[in-house]
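Asker: Once you've had a glance at the structure underneath, I'll fire off some questions.
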Amino acid sequence: MSLISTPSRRRATTAVLAAALLVPLAACGKSGGDGKKDAAGSSAAPSASAAPAANLTVLAASSLTDVFNSAKDVYEKTHPGTKITLSYAGSQELAAQVKQGAPADVLVTADTKTMDGVKAGTGDATIIAKNRLVIVAGKDNPYKIGALKDLADTKIKVVLAAPEVPVGKYSKQILDAQKIEVKPVSQEPNVRAVLSKVELGEADAGLVYKTDSIKSGDKVSSVDIPDEQNVVATYPAATLKASKNAEAAAAFVAWLSTPEAQNLFQNAGFQKP
Numbered sequence: 003m004s005l006i007s008t009p010s011r012r013r014a015t016t017a018v019l020a021a022a023l024l025v026p027l028a029a030c031g032k033s034g035g036d037g038k039k040d041a042a043g044s045s046a047a048p049s050a051s052a053a054p055a056a057n058l059t060v061l062a063a064s065s066l067t068d069v070f071n072s073a074k075d076v077y078e079k080t081h082p083g084t085k086i087t088l089s090y091a092g093s094q095e096l097a098a099q100v101k102q103g104a105p106a107d108v109l110v111t112a113d114t115k116t117m118d119g120v121k122a123g124t125g126d127a128t129i130i131a132k133n134r135l136v137i138v139a140g141k142d143n144p145y146k147i148g149a150l151k152d153l154a155d156t157k158i159k160v161v162l163a164a165p166e167v168p169v170g171k172y173s174k175q176i177l178d179a180q181k182i183e184v185k186p187v188s189q190e191p192n193v194r195a196v197l198s199k200v201e202l203g204e205a206d207a208g209l210v211y212k213t214d215s216i217k218s219g220d221k222v223s224s225v226d227i228p229d230e231q232n233v234v235a236t237y238p239a240a241t242l243k244a245s246k247n248a249e250a251a252a253a254f255v256a257w258l259s260t261p262e263a264q265n266l267f268q269n270a271g272f273q274k275p
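FYI, in our numbering the residues of the sequence shown are 3 to 275.
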């Protein structure tokens, strides 16, 4: 056998070596395991599972207190290094804080109107849950309240949320639609204050979210409002543009729509968004 290489044999060998070198080069052009760049070099959107460690401050509507306390525990456990500080108040109070430049990363309100009022300072909002209203009466319902019309009885001390509060707006909308005139003995700054008045016997009845009545257990009697007389409360969540943890805040908002978070909401009595 001749050991002298021919031109054709040299060309074949060169082609094989070139092909072998191209394989790893092509692989380098694809996205790596960090998910930050695609083949064209553009940035990929952050996901909740890849959230960077951060200390987040979340401003949330009072009616989210219990479910967000649970969500905080789950999120911190599944996202080591992230710590969440929750601040609860009526949505109108939270909006005022945002306008005043309060340091925070995420805002969650109990209605879209309040969120729209601060949209200059937020990212795009995402609806994460829905709710409905119910009548709550004193334990064992001594006045035998069974429908909205019963709240017009002047012998019954009714407490409502203030009209600038989302649950107060919803309450007014429901009562006005049924042409029911109610003269509340007080107007409270948030839904938890309404519930507390009834729990403590300082009022005979009030209108609150269904989720709040569930949490109250047997401290109050709950009377459902028919769907055709009720309203649907929506909960939008958005990042704040002034946040110093923009990526981590966006990841948390994204997580609120995941099956893991949605299970928490629905177990607490919230409806799917």
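No residue lacks a Cβ here, since even glycine has one placed at the ideal position from N, Cα and C.
(1) Identify which residue in SER223, ALA252, PRO168 and ALA250 has its Cα closest to the Cα of ASP142.
(2) For the alpha helix (DSSP H) containing ASN71, list its first residue and its last residue.
(3) Is GLN273 helix, strand or coil when you go by DSSP?
(4) Can you give the Cα-Cα distance for GLN94 and GLN175, rounded to whole angstroms?
(5) Going straight from the alpha carbon of LYS115 to that of ILE182, what length do you get?
(6) Would you say the segment 228-247 touches the segment 184-194, given that touching needs at least three Cβ pairs under 8 angstroms?
(7) Taking only runs that begin and end inside the segment 207-235, name each unbroken beta strand (DSSP E) of 3 or more residues, in chain order.
(8) Measuring CB atoms only, is the segment 87-106 touching the segment 118-125, in the sense that at least three cross pairs come out at less than 8 angstroms?
(9) Is DSSP giving VAL25 helix, strand or coil here?
(10) Round the Cβ separation of ALA250 and THR84 to the nearest angstrom and send it over; I've been treating them as touching at under 8 angstroms.
(11) Are the segment 199-212 and the segment 152-162 touching by the rule of at least three beta carbon pairs closer than 8 angstroms?
(12) Leaving out five residues before and five after ASP68 in sequence, what residues of the same chain have Cβ atoms less than 6 angstroms from its Cβ?
(13) Tell me whether PRO238 sits in a helix, a strand or coil according to DSSP, three-state version.
(14) Quick check on ALA251: does DSSP put it in helix, strand or coil?
(15) Can you find the residues in the same chain that come closer than 6 angstroms, C-beta to C-beta, to ALA97, ignoring five residues on each side of it along the sequence?
(16) Which value, in whole angstroms, describes the spacing of the CA atoms of VAL177 and ALA127?
(17) For PRO54, which residues of its own chain have a beta-carbon under 6 angstroms away from its beta-carbon, when the five flanking residues on both sides are left out?
(18) So, with DSSP's three-state summary, where would you put GLN180?
(19) What residues in its chain sit with their C-beta under 6 angstroms from that of ASP152, if we drop five residues either side in the sequence?
(20) Would you list the one or two residues that DSSP bridges to LYS132?
(21) By the three-class DSSP mapping on this structure, what secondary structure does TYR172 have?
(22) Could you name the residues that DSSP lists as bridge partners for VAL160?
Answerer: In short:
(1) Ranked by how close their Cα comes to the Cα of ASP142, the residues SER223, ALA252, PRO168 and ALA250 have SER223 in first place.
(2) 67-80
(3) strand
(4) 17 angstroms
(5) About 24 angstroms.
(6) no
(7) Taken in chain order, the whole beta strand (DSSP E) runs of length 3 or more contained in the segment 207-235 are 207-211 and 222-226.
(8) Under the 8 angstroms Cβ criterion, the segment 87-106 counts as touching the segment 118-125, having at least three qualifying pairs.
(9) Reliability of the predicted coordinates at VAL25 is poor, the pLDDT of 39 falling under 50, and the value obtained from them is presented with this limitation in mind. Looking at VAL25 - three-state DSSP - the assignment turns out to be helix.
(10) 7 angstroms
(11) A contact is defined here as three or more CB-CB pairs under 8 angstroms, and the segment 199-212 meets this definition with respect to the segment 152-162.
(12) LYS217
(13) strand
(14) helix
(15) THR116, GLY119 and VAL120
(16) Here residue 177 is Leu; the residue named in the question, Val, does not match the sequence. Computed Cα separation, rounded: 29 angstroms.
(17) Excluding sequence positions up to five before and after PRO54, its CB lies within less than 6 angstroms of the CB of GLU249 and ALA250, all in the same chain and listed in chain order.
(18) Three-state DSSP puts GLN180 in coil, outside helix and strand.
(19) none
(20) THR236 and GLN273.
(21) helix
(22) For VAL160, which the question treats as bridged, DSSP gives the partners ALA207.
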